[in-house]
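Novice: What follows is a single structure, and I will ask about it in a moment.
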Amino acid sequence: MMLRRVSSSSSGKSSSKPRRSSSVGFDEFGFAFSKKRDKKLQQRCHDYSYPQPNPVKVKELCEFLSYWNGSSFICRSQIERFIRIGIPPAIRGRVWRCLLNIDSLRAGSCFNYEDCQAEIRRPLVDLGVSEYSIISSIDSLVDTENEISSGQASSLQVADLTLFKQIALDLQRSFPTHRTLMGDRPEAIEGQAKLFRVLSAFARYNPLIGYVQGMSYIAAVLLMILSEEEAFWALVALLEKPKYLSELFDSSMKKIQHQALVFHQLLKHRKPLLFQHLEALGVSCVHFIMQWFLTLFTSLPCWDSVLAIWDLIMLHGLQAVFRTGLTIILLLESRIMNMTEEATVLPLLLRVPIDICHHPVLIPALWSTDLQDWEINCMNSLVLEESDGTQDEEKLNKENAKISTASLSGGQLHGEKPSQETPKKEASASSSKSVFTRLLKVAQHFILKSGKYSSTAKSSPTKRSPAPGRLAKTRTSSHFTQTQVRGRRSSSRRSQNSSLGGVRKEKLPSQDSDGGAAEDSTDSSAWRVRSGPVGKVARRRSRDQSRRGSSLHLRSRRSRSQQTPTKTAVQPESNKTDDCQETPSRPATRPRPSLKERNFITCPTTASQVRESQLI
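In my numbering, each residue's number is its place in the sequence shown (first place is 1) plus 21.
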């Protein structure tokens, strides 16, 4: 009876296993609800808080995708607005197809996905393995690999066997709680076969990259959203286009290590205190960045946040990957700064807490984090310069070692000491090479910038707002015009007086508006102005007037000498000398000349000549 009870209980247990597997619940994204004892191991949150789709926005987005043009800047800006609001899960596949331009990529390639699957099945048949039982046949693949390693098969069969084994090992670790990859159910077996076909087809499509650890997570996410062939072409677009992940995946894993160093420099420049704290604890960015970047943050516990991050990656590419990593570091900064041991910091970074990954917390912080492509390029150039410097140092060390050994051998032969001056000079030159190149770049930039400023400074005073010097020039120029007018009036007076006998060659002091004498500088400037073309014309006319006046003076003098020879011969001379010595300020006590003399003095020329002199 005991045996029957055990058998019955065992049969009951065996019959209850499929019921338990069939009764497992899944959330809206296809992840199984974890038990209380498995929550710490799986770390999967099922309380999603992404914004619910608005029917009006959904209709507007569908209409927008119907006339999508990937090369249009307007379409890119509009889709960014929809991504910021939140892409509905039902339309996410169409959005990803448009952003990755899958249809044109498939139409422009001569690769046939179905033919490739037929080629993949041939070595599987030879190995006695099926794509639907690839996980259960891992042990047989390992045994076959050990047998083939003895040299009984060709290199092509060995490469195919190694590829199949690596993909089968990663299938077990790729989302083991998702309904399309979990357990032995028909849906899970079909999902594993699809994932195997997509990964093996990409390894055939691009043998330079082949299969790299981490691709299974990316292909699995694409299969959750797209069909099998669409997921394959989406994987091709992500891993081959320079905008996306072409700088992350290669067979030697050097690219991902390089990008981890770029993030290392970015964190050093953005958060120097946090960087120094991590360095003091012995935590390097390589320890956690490789997991984040290779899996595209699919290890985060909140799946709605993961899909929102992927929407942004589909739009902006590798820049969004760096932006997301920087955002998570900034959200964890306060906790990291309070930690004092490496054993507590690394688990926090590798398993980001749920409260940080919630959609209302992580996604707004992600959109508010500003990171430009030029900043990533600058950090990339810094890493390249440092790597070149280390390579140069290694080469110099090798050359120095060769020189030292050669000098030692030569010194032992000739009894001389090896000279060590040239290795020291070369080492110092190599160490300062990178710094010197940076200084040269900065100096060139500064010289170009200063040249532009100097050229604009030379041309700006004539075009822009007047400076104080220019205002002074305008004032002096106005003063010059006044003095010029006064000088011309005085010249006309001198021409009239010269008609009586001789022209005064003395320079009369110019008067200001107040009546006083002006300064010598203004007089000299006024005389410089008179030396121009207008002054030449004025002097020429004054000479003509003086000649006419002198001729009239001689005629009138002869006529008067004939009438009154004794009286008029002396009187005009005295009047002439008195008038020639007159000044603008004449004293009141001086006797006034007679009427005839005044008329003779004020009217030496004709009316037209007087008008011409006044006009000048």
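Built from N, CA and C at the ideal position, the CB exists for glycine as well.
As the structure is a prediction and not an experimental result, all values here were calculated from the model.
Out of curiosity, what's the CA-to-CA distance linking residue 148 and residue 249?
Specialist: Numbered from its first residue, the sequence shown carries residue 148 at position 127. Numbered from its first residue, the sequence shown carries residue 249 at position 228. Residue 148 and residue 249 have their C-alpha atoms roughly 25 angstroms apart.
Novice: Are residue 256 and residue 240 closer than 7 angstroms when you measure CB to CB?
Specialist: In the sequence shown, the residue the question calls residue 256 occupies position 235. In the sequence shown, the residue the question calls residue 240 occupies position 219. Closer than 7 angstroms, so yes.
Novice: I need the DSSP call for residue 318, collapsed to helix, strand or coil.
Specialist: Taking the first residue of the sequence shown as 1, we reach residue 318 at position 297. It is coil, neither helix nor strand.
Novice: CA-CA distance, residue 324 and residue 339?
Specialist: Counted from its first residue, the sequence shown places residue 324 at position 303. Counted from its first residue, the sequence shown places residue 339 at position 318. Between residue 324 and residue 339, the C-alpha separation is close to 20 angstroms.
Novice: Between the alpha carbons of residue 130 and residue 226, how many angstroms are there, rounded?
Specialist: As a first step, residue 130 must be located in the sequence shown, where it is residue number 109. As a first step, residue 226 must be located in the sequence shown, where it is residue number 205. In a straight line, the C-alpha of residue 130 is about 11 angstroms away from that of residue 226.
Novice: Quick check on residue 111: does DSSP put it in helix, strand or coil?
Specialist: Along the sequence shown, one-based indexing puts residue 111 at 90. Residue state, collapsed to three classes: coil.
Novice: Residue 641: buried (16+ other C-beta within 10 angstroms of its C-beta) or exposed?
Specialist: Since the displayed the chain opens at 22 and closes at 637, residue 641 lies outside it and no answer follows.
Novice: Please list, in chain order, all residues of the same chain as residue 367 whose beta carbon is under 8 angstroms from its beta carbon, the five residues on each side excluded.
Specialist: On the sequence shown, position 346 is the one that residue 367 refers to. The answer, listed in chain order, is 304, 308 and 309.
Novice: Pick helix, strand or coil for residue 380, following the three-state DSSP scheme.
Specialist: By 1-based counting over the sequence shown, the position of residue 380 is 359. Correct three-state label for residue 380: helix.
Novice: Between the beta-carbon of residue 199 and the beta-carbon of residue 51, is there less than 7 angstroms?
Specialist: In the sequence shown, counting from the first residue as 1, residue 199 sits at position 178. In the sequence shown, counting from the first residue as 1, residue 51 sits at position 30. Judged by beta-carbon spacing, residue 51 lies within the 7 angstroms limit of residue 199, meaning their Cβ atoms are closer than that value.
Novice: Any idea what DSSP makes of residue 119, helix, strand or coil?
Specialist: Position 98 of the sequence shown holds residue 119. Residue 119: helix per DSSP, three-state reduction.
Novice: Any idea what DSSP makes of residue 66, helix, strand or coil?
Specialist: The residue you call residue 66 lines up with position 45 of the sequence shown. Looking at residue 66 - three-state DSSP - the assignment turns out to be strand.
Novice: Please report the distance separating the alpha-carbon of residue 48 from that of residue 161.
Specialist: Working through the sequence shown from its first residue, we reach residue 48 at position 27. Working through the sequence shown from its first residue, we reach residue 161 at position 140. Answer to the nearest angstrom: the Cα atoms are 35 angstroms apart.
Novice: With a cut-off of 8 angstroms, do at least 3 Cβ pairs link the stretch 313-328 to the stretch 374-383?
Specialist: yes
Novice: Kindly list the residues whose CB is nearer than 7 angstroms to the CB of residue 224, restricted to its own chain and excluding five residues on each side of it in sequence; keep chain order.
Specialist: As a working note, residue 224 is residue 203 in the sequence shown. Excluding positions up to five away in sequence, the list reads 184, 231 and 232.
Novice: Count the other CB atoms, across all protein chains shown, that sit within 10 Å of the CB of residue 77; report buried if there are 16 or more and exposed otherwise.
Specialist: Taking the first residue of the sequence shown as position 1, residue 77 is located at position 56. With fewer than 16 Cβ atoms within 10 Å of its Cβ, residue 77 is classed as exposed.
Novice: With distance defined between alpha-carbon atoms, name the residue in 337, 73, 93 and 258 nearest to residue 112.
Specialist: As a working mapping, residue 112 is identified with position 91 in the sequence shown. Among 337, 73, 93 and 258, the Cα nearest to that of residue 112 belongs to 73.
Novice: Ends of the alpha helix (DSSP H) at residue 355?
Specialist: Here residue 355 corresponds to residue number 334 of the sequence shown, with the count starting at 1. Judged by DSSP secondary structure, residue 355 falls within the alpha helix (DSSP H) whose first and last residues are 354-358.
Novice: Just checking my contact of residue 354 with residue 292 at CB under 8 angstroms: how many whole Å lie between their CB atoms?
Specialist: Taking the first residue of the sequence shown as position 1, residue 354 is located at position 333. Taking the first residue of the sequence shown as position 1, residue 292 is located at position 271. Sure, about 7 angstroms apart at Cβ, within 8 angstroms.
Novice: Could you check whether residue 316 and residue 330 sit closer than 7 angstroms to each other, using their CB atoms as the reference points?
Specialist: Residue mapping note: residue 330 aligns to position 309 of the sequence shown, counting from 1. Residue mapping note: residue 316 aligns to position 295 of the sequence shown, counting from 1. Cβ distance not < 7 angstroms, so residue 330 and residue 316 don't count as in contact.
Novice: Quick check: what's the CA-CA separation for residue 65 versus residue 350?
Specialist: As a working note, residue 65 is residue 44 in the sequence shown. As a working note, residue 350 is residue 329 in the sequence shown. One C-alpha to the other measures close to 20 angstroms.
Novice: Using DSSP's beta-bridge definition, name the partner residues of residue 53.
Specialist: Start at 1 with the first residue of the sequence shown, and residue 53 comes out as number 32. Residue 53 pairs with 47.
Novice: What residues in its chain sit with their C-beta under 6 angstroms from that of residue 383, if we drop five residues either side in the sequence?
Specialist: Here residue 383 refers to the residue found at position 362 when the sequence shown is read from its first residue. Cβ neighbours of residue 383 beyond the five flanking positions: 326.
Novice: Can you tell me which of 268, 114 and 120 puts its alpha carbon nearest to the alpha carbon of residue 91?
Specialist: Here residue 91 is taken as the residue at index 70 of the sequence shown, counted from 1. Answer by Cα proximity: 120.
Novice: Between residue 220 and residue 236, which are expected to be in contact by the criterion C-beta below 8 angstroms, what is the C-beta distance as a whole number of angstroms?
Specialist: Locating residue 220 in the sequence shown gives position 199, where the first residue counts as 1. Locating residue 236 in the sequence shown gives position 215, where the first residue counts as 1. With a Cβ gap of about 6 angstroms, residue 220 and residue 236 count as contacting.
Novice: In three-state terms, what does DSSP make of residue 494?
Specialist: The residue you call residue 494 lines up with position 473 of the sequence shown. Interpretation of residue 494 is limited by its pLDDT of 43, a score under 50 that renders its predicted location unreliable; the figure taken from the coordinates is listed afterwards. Note: residue 494 maps to helix in three-state DSSP.
Novice: Just curious, the alpha helix (DSSP H) that residue 218 is in, first and last residue?
Specialist: Against the sequence shown, residue 218 aligns to sequence position 197. Residue 218 -> alpha helix (DSSP H) spans 207-226.
Novice: Decide if residue 358 is buried, meaning its Cβ has at least 16 other Cβ atoms within 10 Å, or exposed.
Specialist: Counting from 1 along the sequence shown, the entry for residue 358 is found at position 337. Residue 358 is exposed by the Cβ-count criterion.
Novice: On the criterion of 16 or more Cβ atoms from any shown chain inside 10 Å, does residue 294 qualify as buried, or is it exposed?
Specialist: Along the sequence shown, read from residue 1 onward, the residue named residue 294 stands at position 273. So residue 294 ends up on the exposed side.
Novice: Would you mind listing the alpha helix (DSSP H) stretches within the stretch 141-193 that are 4+ residues and don't spill past its ends, in chain order?
Specialist: 159-169
Novice: Return helix, strand or coil for residue 443, following the three-state DSSP convention.
Specialist: Counted from its first residue, the sequence shown places residue 443 at position 422. Here residue 443 scores only 46 on pLDDT, less than 50, and its place in the model is too uncertain to base an answer on.
Novice: Mapping the DSSP letters down to three states, classify residue 306 as helix, strand or coil.
Specialist: To locate residue 306, count along the sequence shown from 1; it is residue 285. Reduced to three states, the DSSP call for residue 306 is coil.
Novice: Express the C-alpha separation of residue 164 and residue 333 in angstroms, rounding to a whole number.
Specialist: As a first step, residue 333 is located in the sequence shown; it is residue number 312 there, counting from the start. As a first step, residue 164 is located in the sequence shown; it is residue number 143 there, counting from the start. A direct Cα-to-Cα measurement between residue 333 and residue 164 gives close to 44 angstroms.
Novice: Quickly, what does DSSP pair residue 199 with across the bridge? List them, please.
Specialist: Position 178 of the sequence shown, counted from the start, is the residue given in the question as residue 199. In DSSP, residue 199 forms a bridge with 52.
Novice: Anyone know if the C-beta pair for residue 262 and residue 244 falls short of 7 angstroms?
Specialist: The residue you call residue 262 lines up with position 241 of the sequence shown. The residue you call residue 244 lines up with position 223 of the sequence shown. For residue 262 and residue 244, no; Cβs fall outside 7 angstroms.
Novice: By Cβ distance, which residues of its chain are closer than 7 angstroms to residue 363, with the 5 residues on each side in sequence left out?
Specialist: What you label residue 363 is simply residue 342 of the sequence shown in a count that begins at 1. Excluding positions up to five away in sequence, the list reads 302, 303 and 304.
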